[in-house]
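The sequence shown runs -20 to -1, 1 to 127 under mature numbering (1 follows the signal peptide of the UniProt record, and there is no 0). Using N, Cα and C, we set each Cβ at its ideal position, and we do this for glycine too. Predicted, not measured: the structure shown is a model, and the values here were computed from it.
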Amino acid sequence: MSLLPIFLLLGVWMVASVQGYVSYDYKWSGATKYYVSREHEPFNLAKMNDRCKGLGGYLVQIDDIHENQVVQFLTNSVSGGGPFFTGITDEESEGRYYTYNDKKAAKFLDWRWFQPDNWWDEDCVEIGYYGLNDAKCGTNGRYVCEV
Ligand SMILES: [Ca+2]
Ligand SMILES: [Ca+2]
């Protein structure tokens, strides 16, 4: 069951303008803010995580099904298309997914059908409408920060 219509009814979304990003204040629990970068550029975990740090956060970590839906909704809402990279990776040990910023095991992995496939060595993870996909780091795309 999708909770998105409920989010919308409650008006928990607020879109604001930040240079280079589309930002969302998420008021459901605590004070979490998400930033979706506007430009498509080669994705690099260290570089993009540093940029997220500049915003006071880190590359997005998907903690549970709820946050998964939130981030899917955000990335599907912005114009311009993806892919949208997360802070999830298995670059240190193939098949062992962790969050780049804190190096902890990824908590929630809602993979797209037939993913992850590590096709030609894919170690970065992007989120889309049908779930997560491992993609090649360095692929042209956008990224999501959480604060
Ligand atoms: Ca991999
Ligand atoms: Ca893949």
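Quiz prompt | Cβ shell of TYR15 (< 6 Å), same chain only, five flanking positions each side left out | solution = TYR1, SER3, LEU35 and CYS125
Self-check item: Runs of alpha helix (DSSP H) lying entirely within the region 25 to 53, each at least 4 residues, in chain order
Solution: 25 to 34
Exercise. Can you list the residues near ligand 2, meaning Cβ strictly closer than 7 Å to any non-hydrogen atom, in the order they appear in the chain?
Key: GLN95, PRO96, ASP97, ASN98, TRP99, GLU102, ASN113, ASP114 and ALA115
Practice problem: Give the secondary structure of THR66 by DSSP, where H, G and I count as helix, E and B as strand, and everything else as coil. | Solution: strand
Practice problem: Whole angstroms is fine: what's the gap from VAL(-9)'s alpha carbon to ILE107's? | Solution: Confidence at VAL(-9) is low in this model, with a pLDDT of 46, below 50, so the placement of that residue is unreliable and no value is reported for it.
Exercise. Could you spell out where the beta strand (DSSP E) holding LEU112 opens and where it closes?
Key: 111 to 115
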